[in-house]
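Chains as they are written, first to last, in my numbering: chain Z, 1 to 204; chain E, 205 to 325; chain S, 326 to 837.
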Amino acid sequence: MTAGTLPAQPAEGHEPIPTHATGMPTPMVGMLLFIASEVMFFGGLFATYFNARASVGPDNWHPPSGTELDLPLAAVLTAILVASSFTMQFGVWAIRRGDTGKLKLWTAITLGLGILFLSGQLYDYSELGFGISDGVFGTVFYTLTGFHGAHVFGGAVGLTILLARATRGQFSAHNHVAVEAVSIYWHFVDVVWIAVFSTIYLLG
Amino acid sequence: MTDTAIGFLIVGTGMLVVLGVVFAVSSRPRPAKTRPGPPQGVHLPPPSFLPVVLSIGAALIGAGLAFRGEDQLANPFLAIPGLVIFVLGIVWWVRAANREWSEVEAGDHGSHAPPDDQPAH
Amino acid sequence: MVRSELAVPGLQLVDQDTFNQAFTMHGTIMLFLFIIPTLSGFANYIVPLQLGAPDMAFPRINALSFWLLPLGGLLIFSGYLFGGAAAEGWTSYAPLTAKEHSPGVGTDLWIIGLTLVGTASILGAVNFITTIFKMRAPGMTLFRMPIFVWTVLVTAVLILLATPVLTAGLIALFIDRNYGGSFFDPSVGGNPILWQHIFWFFGHPEVYIVILPAMGVVSEVLPVFSRKPLFGYKAFVFATIAIGLLSWTVWAHHMFTTGAVFLPFFSFMTALIAIPTGIKMFNWLGTLYRGKITLTTAMLFALGFIAMFLIGGISGVMLASPPIDFHVQDTYFVVAHLHYVFFGGAVFGVFAATYYWFPKMTGRMLNEPLGKVHFWMHFIGFNLAFFPMHQLGLSGMPRRISDYSPDSGWMYLNIVSTVGAFLIAASIIPFLINVISSLINGEPAGDDPWEGNTLEWATTSPPPPYNFDKLPPIHSERPLFFLTHGHGHAAEHPDDLEEHPVDDAEHREGLV
């Protein structure tokens with residue numbers, strides 16, 4: 001079985017096996033695939049929203065009587081989250097130049113904006129006047145926004161880990177794949193929010 | 205036979221089988237350390253019990269959700285320990301991964317960091 | 326338990342609720358805790374070897390995927406300890422699963438446990454796809470990968486995209502049951518059919534998730550034991566991809582009788598998916614044609630797969646037709662169909678994989694005569710158990726019933742079916758004896774007992790933890806074949822060798 005194997009054979013049989021060190025880094029591939037699965041998860045939740053809306057009838061589709069959605073607050077939250085995507089990207093560009101200081105700054109700002117978003121979301125929940133058990137509108141509203149919020153929280157955890165690692169000097173211009181991975185996750189969370197906002201608040 | 209008895213039978217047998225397999229596999233006599241290590245460039249992370257830890261944490265959180273009382277989000281006696289175990293597990297995992305990554309960097313290339321596309325943890 | 330109760334009319338052994346738990350758990354366990362974990366396990370072991378890679382791309386997340394399975398399974402089973410396991414069928418239709426109709430915590434445990442198991446699958450899918458795209462050995466282009474790897478790739482994409490939809494549905498069900506949600510409750514604006522749509526949008530890709538890896542196994546075993554390459558490698562790859570794509574368009578054929586489905590579209594797409602499947606049949610037959618066939622146990626199971634899956638496929642195409650489906654929906658005809666494709670298909674594939682790769686994984690050969698005893702008992706028992714169900718369904722026997730009237734005329738076929746089921750159970754005995762005794766002192770296997778074509782046979786049995794010390798050069802989808810049978814000319818032009826097969830009987834040692 002030794003005929004035809006790779007020609008150069010060091011004495012102990014320890015031979016470098018070349019790997020595919022080209023193309024997208026492996027952790028990025030993993031993150032993109034994971035995001036694909038999350039897209040399908042939110043797809044399922046959106047399906048419940050649209051199905052419920054179609055069953056009830058678009059003209060009857062509104063929060064329980066006596067309550068209404070807070071569109072201005074939601075718009076502000078949207079602006080906060082979109083801004084946080086920009087700040088995240090600034091951080092990525094910083095570390096691509098090797099600037100760990102700016103990376104920490106922009107990551108911290110992104111994290112702050114994310115926490116602001118979540119606080120605003122919780123405040124909104126407290127003011128709305130209806131709950132998850134108040135009919136199908138309430139159920140799909142809280143489920144869709146709630147799971148989105150949970151994903152923002154997950155992203156915040158990732159940002160915190162990035163901040164901690166950046167503080168310990170673990171990132172450099174050619175070694176920062178974790179930053180890239182968390183950043184596209186954060187952008188994904190932002191895009192989902194735009195879809196949620198458009199569907200719930202704009203489409204109505 | 206009542207459901208509970210069937211349940212004990214199934215769950216108990218299952219656990220015994222799993223434990224038995226684990227015991228049998230881990231007590232197999234290992235060949236003497238004559239096999240060469242991996243070729244250069246190949247890095248395998250060492251065995252770790254963190255996946256077990258995270259799984260147990262997730263299962264406890266889940267059980268807490270299932271066994272919730274009225275007006276509760278989840279049963280706190282199950283969910284809170286589960287959450288603690290899960291979070292600690294994540295923190296531990298990230299730190300272990302960082303440590304192994306630094307070792308790989310130091311071992312392979314000295315002060316030069318390897319490209320970002322080596323197999324991850 | 327199910328077959329014992331159904332053999333003769335009258336509730337002899339269990340009450341209705343226990344019976345309902347039994348068939349619910351049976352379906353759940355077989356699909357989520359047996360067949361998918363087992364095929365994943367083979368894929369996990371074999372795919373890196375076949376790619377020439379040292380391990381999966383994310384080894385520790387791989388371990389997490391594994392450990393979530395027993396923990397999730399434990400949660401699902403633990404329903405038995407707390408007043409009864411889930412009992413609404415593995416498909417868990419609303420509104421039966423609403424809290425007021427199924428108040429026990431068993432259903433909630435089922436939901437949570439299944440969510441964990443689903444998460445394990447999704448993480449595994451990420452791992453497989455990344456490994457296949459990033460960790461192939463040099464020279465292994467996508468179209469030189471073994472067919473098994475291709476089927477695992479398409480399966481992983483299906484898992485990645487379908488399972489999250491199930492997760493969404495499970496969460497919605499949990500919210501309905503526990504937090505006063507209204508997803509599926511019509512009295513507050515919800516829609517029970519929504520559950521069926523969400524479930525089957527996952528559920529149909531799920532069945533291809535189950536069968537594609539088994540088809541991959543068959544496509545590995547047949548060429549080796551016919552001493553011929555797989556007939557039409559590229560066609561098979563494209564057929565697999567076509568099945569993967571089409572699987573998203575057919576889900577509502579499980580819902581024809583709800584009245585909420587656009588029948589012509591789903592019927593047409595379902596019939597269409599039979600075409601790539603049929604192409605694969607010809608791939609396999611073409612491989613066998615004029616091959617030098619050796620009937621090892623692995624080969625027997627692979628051949629059995631082809632025959633059984635053919636029958637299951639035919640009943641499936643029948644079911645694709647709404648006029649037929651309207652008569653046999655929720656009868657034993659469907660039970661016959663699903664067992665022919667899942668059991669006659671996927672499980673036969675699992676056994677073929679076991680007999681084929683056991684030597685590689687353990688370094689020992691399984692005993693062939695005992696394997697053949699297992700096969701024949703299994704094959705006969707399987708057909709006895711499930712063929713009569715076609716007739717039972719056509720004559721109206723519903724599924725998921727614990728009892729039936731003595732006047733129905735169904736008793737005799739049910740008895741035959743029960744005998745078959747017990748024969749299947751008995752066939753496990755020679756199998757277990759074989760596995761245990763071979764582990765203890767089976768014949769040593771060596772690196773390549775079957776004269777295989779793919780890279781897993783280029784390392785020791787079992788392989789070292791990092792899989793390979795050296796890799797052979799890769800210029801075709803059968804790198805090992807060309808390593809041992811063709812140097813120089815053949816290695817440069819592997820296609821030539823396919824058209825002018827070398828009669829290498831004089832080079833071959835006798836197969837076991």
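Using N, Cα and C, we set each Cβ at its ideal position, and we do this for glycine too. Predicted model only: the values in this text are computed from it and were never measured.
Under the three-state reduction of DSSP, S/PRO463 is assigned to coil, being neither helix nor strand. The Cβ atoms of S/PHE756 and S/LEU663 lie no closer than 9 Å to each other.
Taking C-beta separations shorter than 8 Å and ignoring five residues to either side along the sequence, the partners of Z/VAL56 in its chain run VAL136, PHE137, following chain order.
The straight-line gap separating the alpha-carbon atoms of Z/ILE109 and S/LEU547 is approximately 59 Å. S/GLY397 is the residue among S/TYR405, S/GLY397, S/LYS424, S/ILE447 whose C-alpha sits nearest the C-alpha of S/GLY438.
As a beta-bridge residue in DSSP terms, Z/SER172 pairs with Z/ASN175. Counting C-beta pairs closer than 8 Å gives three or more between the stretch 725-732 of chain S and the stretch 334-341 of chain S, which meets the contact rule. Counting only the Cα atoms, S/THR779 lies some 10 Å from S/LEU808. With respect to chain E, the C-beta atom of Z/GLN121 has no partner C-beta closer than 9 Å. In this structure, DSSP gives S/PRO723 an extended state, which the three-state scheme calls strand. Contacts with chain S at 9 Å (Cβ-Cβ) do not include E/ILE284. Chain order gives the chain S residues near E/GLY218 as PHE402, where near means a beta carbon separation below 7 Å.
A check of alpha carbon separations from S/THR488 across S/PRO463, S/VAL442, S/PRO517, S/PHE453 identifies S/VAL442 as the nearest.
Looking at the backbone, the Cα of Z/TYR142 and that of S/LEU495 are separated by about 16 Å. When only Cα atoms are considered, E/ILE265 and S/ILE401 end up about 14 Å apart.
Collapsing the DSSP output to three states places S/PRO731 in a helix.
Counting only the Cα atoms, S/PRO554 lies some 17 Å from S/LEU467. According to the DSSP assignment, Z/MET40 belongs to the alpha helix (DSSP H) that extends over 26-56.
The straight-line gap separating the alpha-carbon atoms of S/VAL575 and Z/VAL192 is approximately 27 Å. Neighbours of S/ASN503 across chain E, judged by C-beta separation under 7 Å: ARG272. With fewer than 16 neighbouring CB atoms inside 10 Å of its own CB, E/GLY273 falls in the exposed class. For E/LEU292, no CB of chain S lies under 9 Å from its own CB, so it is not counted at the interface with that chain.
Nearest to S/LEU805 by C-alpha distance, out of S/ASP772, S/THR363, S/ASN792, S/TYR737, is S/ASP772. Inclusion of S/VAL542 and S/ALA678 in the CB contact set at 9 Å is warranted, their separation being smaller than that value. Each residue's CA atom was taken as its position, placing S/GLY641 and Z/GLY66 some 52 Å apart. In the structure shown, S/PRO769 adopts extended strand secondary structure according to DSSP, grouped into three states. Excluding its 5 nearest sequence neighbours in each direction, S/THR785 has C-beta neighbours in its own chain below 8 Å: GLY688, ASP772, listed in chain order.
In this structure, E/PHE281 and E/GLY261 do not form a Cβ contact; the two beta carbons are roughly 14 Å apart against a cut-off of 8 Å. A Cβ-Cβ contact shorter than 9 Å links S/ASN608 with S/SER544. In the three-state DSSP reduction, S/ARG615 falls in the coil class, being neither helix nor strand. Of all residues in the stretch 373-403 of chain S, the ones placed with a Cβ closer than 7 Å to any Cβ belonging to chain Z are ALA382, PHE383, in chain order. In this structure, S/ALA462 is the residue among S/ALA462, S/MET714, S/ALA751 with its C-alpha nearest to the C-alpha of S/LYS795.
Taking the C-beta atoms as reference points, Z/LEU128 is found nearer than 9 Å to Z/PRO63. Judged by DSSP in its simplified three-state form, S/ARG502 adopts helix. If the five residues before and after S/MET594 are omitted, its C-beta is found closer than 7 Å to the C-beta atoms of LEU571, THR574, VAL575, all from its own chain and listed in chain order. Sequence-distant Cβ neighbours of Z/SER183 in its own chain, meaning closer than 8 Å and more than five residues away, are MET88, GLN89, GLY91, VAL92.
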